[in-house]
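**Q**
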Amino acid sequence: MQLSKKEAFPKAQVRTEILYGITKEESRKLRVKGTDSRVVEAFEGQSLLSDGRKDCKSEHQDVEQIQEHALASVTLKECSISCMVQAQPLSGNGSWRILSNNAGVPSMHSAVTRFNTVILIDRTNIGPSQIALPGGNCRDNPRDQNLTHDCTAHSVVFDPSTNAVRPVSIFSDTQCSTAQFLANGTLLHAGGDSDGLKKVRTFKPCLASETCDWTESTDMSLLNNRWYGTSQLLPDNRVIVIGGRGSFTYEFLPRKPSEGTYYMPFLNQTSNWEEDNLYPYVHLLPDGNLFIFANRDSILLDYTNNSVIRTYPTIPGEPRNYPSGGSSVMLPLDAANNYSSVEVLVCGGARLGSYRNTAKQWGCSKTCGRMTVTSATPSWAMETMPFRRCMGDMILLPTADVLIINGAQNGSQGWDGSSNPAFSPVAYFPDNAPGTRFTSYAPTTIPRVYHATANLLPDGRILLAGSNPHGYYVYSENEFPTELRVEAFYPPYLHKEYTSQQPRFISYPHRVTYGQMFNVTLFLKVDSDSVPQVDMNLVSTPFVSHSYAQGQRLLKLAVTAPVNSNGVGNQYTLAVTAPPTATIAPRSYYMLFANNNGVPSRAVWVQIV
9 MQLSKKEAFP
19 KAQVRTEILY
29 GITKEESRKL
39 RVKGTDSRVV
49 EAFEGQSLLS
59 DGRKDCKSEH
69 QDVEQIQEHA
79 LASVTLKECS
89 ISCMVQAQPL
99 SGNGSWRILS
109 NNAGVPSMHS
119 AVTRFNTVIL
129 IDRTNIGPSQ
139 IALPGGNCRD
149 NPRDQNLTHD
159 CTAHSVVFDP
169 STNAVRPVSI
179 FSDTQCSTAQ
189 FLANGTLLHA
199 GGDSDGLKKV
209 RTFKPCLASE
219 TCDWTESTDM
229 SLLNNRWYGT
239 SQLLPDNRVI
249 VIGGRGSFTY
259 EFLPRKPSEG
269 TYYMPFLNQT
279 SNWEEDNLYP
289 YVHLLPDGNL
299 FIFANRDSIL
309 LDYTNNSVIR
319 TYPTIPGEPR
329 NYPSGGSSVM
339 LPLDAANNYS
349 SVEVLVCGGA
359 RLGSYRNTAK
369 QWGCSKTCGR
379 MTVTSATPSW
389 AMETMPFRRC
399 MGDMILLPTA
409 DVLIINGAQN
419 GSQGWDGSSN
429 PAFSPVAYFP
439 DNAPGTRFTS
449 YAPTTIPRVY
459 HATANLLPDG
469 RILLAGSNPH
479 GYYVYSENEF
489 PTELRVEAFY
499 PPYLHKEYTS
509 QQPRFISYPH
519 RVTYGQMFNV
529 TLFLKVDSDS
539 VPQVDMNLVS
549 TPFVSHSYAQ
559 GQRLLKLAVT
569 APVNSNGVGN
579 QYTLAVTAPP
589 TATIAPRSYY
599 MLFANNNGVP
609 SRAVWVQIV
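Residue numbering for the sequence shown follows my numbering, beginning at 9 and increasing consecutively.
(1) For residue 469 versus residue 491, is the C-beta distance shorter than 8 Å?
(2) Assuming residue 516 and residue 612 make a contact with CB atoms under 8 Å, what is their CB distance in whole Å?
(3) Please go through the same chain and pick out, in chain order, the residues whose beta-carbon is closer than 6 Å to the beta-carbon of residue 405, but skip the five residues on each side of it.
(4) Please name the residue, chosen from 593, 600, 596, that lies closest to residue 584 on a Cα-to-Cα basis.
(5) Let me know if residue 368 comes out buried or exposed under the rule of 16 or more other beta-carbons within 10 Å of its beta-carbon.
(6) Mind checking which residues open and close the beta strand (DSSP E) that includes residue 545?
(7) Ignore the nearest five residues each way along the sequence and tell me which others in residue 163's own chain have a CB closer than 6 Å to its CB.
(8) Just the C-alpha distance for residue 604 and residue 541, rounded to the nearest angstrom, thanks.
(9) Quick one: which unbroken beta strand (DSSP E) runs of 3-plus residues sit fully inside the stretch 263-316? Chain order, please.
(10) In terms of residues, what are the limits of the beta strand (DSSP E) holding residue 117?
(11) Spatial neighbours of residue 400 within its chain, please: CB distance less than 7 Å, with the 5 preceding and 5 following residues excluded, ordered by chain position.
(12) Does DSSP put residue 368 in a helix, a strand or coil?
(13) Can you tell which of 407, 372, 387, 385 has the C-alpha that lies nearest to the C-alpha of residue 394?
(14) Can you say whether residue 124 is buried or exposed, counting buried as having 16 or more other CB atoms within 10 angstroms of its CB?
(15) Identify whether residue 505 lies in helix, strand or coil by the three-state DSSP scheme.
(16) By the 10 Å Cβ neighbour count, where 16 or more other Cβ atoms means buried, how is residue 423 classified, buried or exposed?
(17) Please state whether DSSP places residue 142 in a helix, a strand or coil.
(18) Let me know the beta strand (DSSP E) ranges lying completely inside the stretch 574-598, each 3 residues or longer, listed in chain order.
(19) Secondary structure at residue 202, three-state DSSP: helix, strand or coil?
(20) If distances are taken between C-alpha atoms only, which option among 480, 521, 204 comes closest to residue 228?
(21) Quick check on the DSSP output: what are the complete alpha helix (DSSP H) runs of length 4 or more inside the stretch 155-202, in order along the chain?
(22) Is the beta carbon of residue 239 less than 8 Å from the beta carbon of residue 188?
(23) Over what stretch of residues does the beta strand (DSSP E) that includes residue 461 continue unbroken?
(24) Is there contact here, the stretch 475-495 with the stretch 564-580, by at least three beta-carbon pairs under 8 Å?
(25) Contact check, residue 185 vs residue 151 under 8 Å by CB: the rounded distance?
(26) Grab the span of the beta strand (DSSP E) containing residue 564 for me, first residue to last.
(27) Please report the Cβ distance between residue 380 and residue 337, rounded to the nearest whole angstrom; I am assuming they are in contact, meaning their Cβ atoms lie under 8 Å.
(28) Rank 473, 485, 133 by C-alpha distance to the C-alpha of residue 126 and give the top, closest one.
(29) Going along the chain, which residues of its own chain have a beta-carbon closer than 6 Å to the beta-carbon of residue 525, five neighbours each way excluded?
(30) Hey, how far is the Cα of residue 360 from the Cα of residue 487?
(31) Look at the alpha carbon of residue 364 and the alpha carbon of residue 522, and state the distance between them as a whole number of angstroms.
(32) Taking only three categories from DSSP, how would you classify residue 486?
(33) Whole angstroms is fine: what's the gap from residue 370's alpha carbon to residue 247's?
(34) Return the Cβ separation of residue 544 and residue 520 in integer angstroms, given the expectation that the two are a contact with Cβ distance under 8 Å.
(35) At a cut of 8 Å, does the stretch 551-565 reach the stretch 99-119 through at least three beta carbon pairs?
So, in structure tokens, the structure goes:
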């Protein structure tokens, strides 16, 4: 069954019983709205109890939205409510599971390592976290703005296979920083706020059972302050760092002796009275140039010569970058057209002025713009999402579709700047006809607004962490408290109904070179009278921060038809061709997924060398 298209699956049948604390009339009204205060989630017959959250019923919400996103809880005065939910496993809407009730830190930044762990990073100048540094260690930093002697961690390693959390030590402040994985799998992390503005750090990942930690660089630093900057891994295994508050320049890490910073008039031109050009969207194109989007405008930059090759049309609608909180992906690159056609998708954003007028809580953008940036006559094709969203993370799924998740429907990014959480993920199917590309999935009950993250895991789940729209940790009664829970979203392809269709890797190379043809052997369960249709997709592991996955890319590789392996039942061999150049896929570790008619395998890690 092909799952990457919109299908009509039966929704879960849910029965809610209000046991005590409100009148029958109040109960009836809540049932009509589909609203719960506590919700029991079910996945494959296993129930998990999770705390609900109170939803802001402001004048900017409408009844239809509350009814559409029925698991958003309304405020109930002095009521004690308990709900029982009886549900069948969700076959077409996805499902949710809480993995950890306390990760110790709220995730502001995150990245998946080649050891299947996830590094979660918060800021350091915020006071004590909820997890101690190992071995009784403490961080003594006289430049810390809040706690010069701090014995708590502000970064952790999370293991999704066991849900274990390991604290690690990070010294200088990492608020609103940037990072990329290098060819050897090391995370190069740069910038931040306060004492971290020009700092460079590295994290060399290790097995979950080992004790790798952060290292503050003593021989590498930034030339300009980089607070809200973006980075991209380049074909020469260096990182370009672009922009940041008050920094209309770019620079390289590591830096050659002859290099300095390079002025970008484009960043100056796109900075308005509330900025709206921070964390610019950067996509490395197959020709080696950079597509850069800021505010509502975009350019193609030849970074080696600091030359703007072309200027693209302005996207209609609202500002899209921080603090307006849109997001962007480069849609999958395809070997079928020699990776030559490149499309960029930009979704969400906030009304101009939202950041400076938080009390207004204007509605977020409901539009996406899609443009073929390699076209001779590029233009934005506008599409409408099912509902408004800002601060939505956009994730390339192993099926080559896009998932939009997290965020809010009113306000913007920034401290206490949003309301009306966007609880329901939305899938975008780029190969569908316009008007049929969006599908809403089952909602969560946990608001994830400002400073939350979302990452694709090798097993196909989406890991959600963080949300702290406050200047400090706020754990007391609050509409959006500092969120320490880690949860996973299970897209429909992970439902047990499709387990038998899931491919499994039997053999594959751990390293490949550019243009290399290599064999992959899979276990595929297919009907005797059918021919398996398998795609092979190579997916990067981006650095996620502020609703944008930096360095994210997916390549649809060239592959031959599966051939039965020497008559062995359900074993098939495919010939796969690696990307041809480093401009298409910079040297690094990638997740390789096999897709059997829309059902992806668990990924294996392949290094391009």
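Using N, Cα and C, we set each Cβ at its ideal position, and we do this for glycine too.
Every value quoted in this text rests on a predicted model; they were computed, and no experiment measured them.
**A** Checking against the coordinates, here is how it stands:
(1) no
(2) 5 Å
(3) 411
(4) 600
(5) exposed
(6) 542-547
(7) 129, 176, 178
(8) 6 Å
(9) 289-292, 298-302, 305-310
(10) 117-120
(11) 335, 355, 356, 412, 413, 414, 415, 430, 555
(12) helix
(13) 372
(14) buried
(15) helix
(16) exposed
(17) helix
(18) 579-585
(19) helix
(20) 204
(21) none
(22) yes
(23) 460-464
(24) no
(25) With a Cβ gap of about 16 Å, residue 185 and residue 151 do not count as contacting.
(26) 562-564
(27) Residue 380 to residue 337, Cβ: 14 Å. No contact.
(28) 473
(29) 583, 585
(30) 25 Å
(31) 48 Å
(32) coil
(33) 37 Å
(34) That belief does not hold up - the Cβ atoms of residue 544 and residue 520 are roughly 12 Å apart, past 8 Å.
(35) yes
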